[in-house]
Amino acid sequence: MAERACPRCKRVTFDKVCPVCGTNTSDNWTGLIVVIDPDESDLAKELNINIPGRYALKVRE
Ligand SMILES: [Zn+2]
Numbered sequence: 003m004a005e006r007a008c009p010r011c012k013r014v015t016f017d018k019v020c021p022v023c024g025t026n027t028s029d030n031w032t033g034l035i036v037v038i039d040p041d042e043s044d045l046a047k048e049l050n051i052n053i054p055g056r057y058a059l060k061v062r063e
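For what it's worth, my numbering labels the leading residue of the sequence shown as 3, then goes sequentially.
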């Protein structure tokens with residue numbers, strides 16, 4: 003089963019609907035980043051990520 007990603011908040015998940023924001027997820031995404039401590043990560047701030055987890059860099063709907 004392929005992992006999916008949310009086009010709105012970039013969260014990577016196996017679910018068809020994002021568990022964070024409720025948007026339908028897409029299987030067309032690239033780039034994986036892992037955020038462990040959003041408060042200490044400049045990249046997380048840039049991407050507006052405030053929950054630790056795995057995120058895609060680009061997601062197409
Ligand atoms: Zn989302």
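Cβ atoms here follow ideal geometry from the backbone N, Cα and C, with glycine treated the same way.
Since this is a predicted model, take the numbers as computed values, not measurements.
query: For R10 and C23, the rounded distance between their alpha carbons; result: 8 angstroms
query: Own chain partners of I35 with C-beta closer than 7 angstroms, once the 5 adjacent residues on each side are dropped; result: L45, Y57 and L59
query: Residue from P40, T25, C20 and T32 with nearest C-alpha to P54; result: P40
query: Cα-Cα separation, S1 to N52; result: Residue 1 is absent from the structure shown; the chain starts at 3 and stops at 63.
query: Own chain residues within Cβ distance below 7 angstroms of E63, not counting five before or after; result: P9 and S28
query: Sheet register partners of R13 (DSSP bridge); result: Y57
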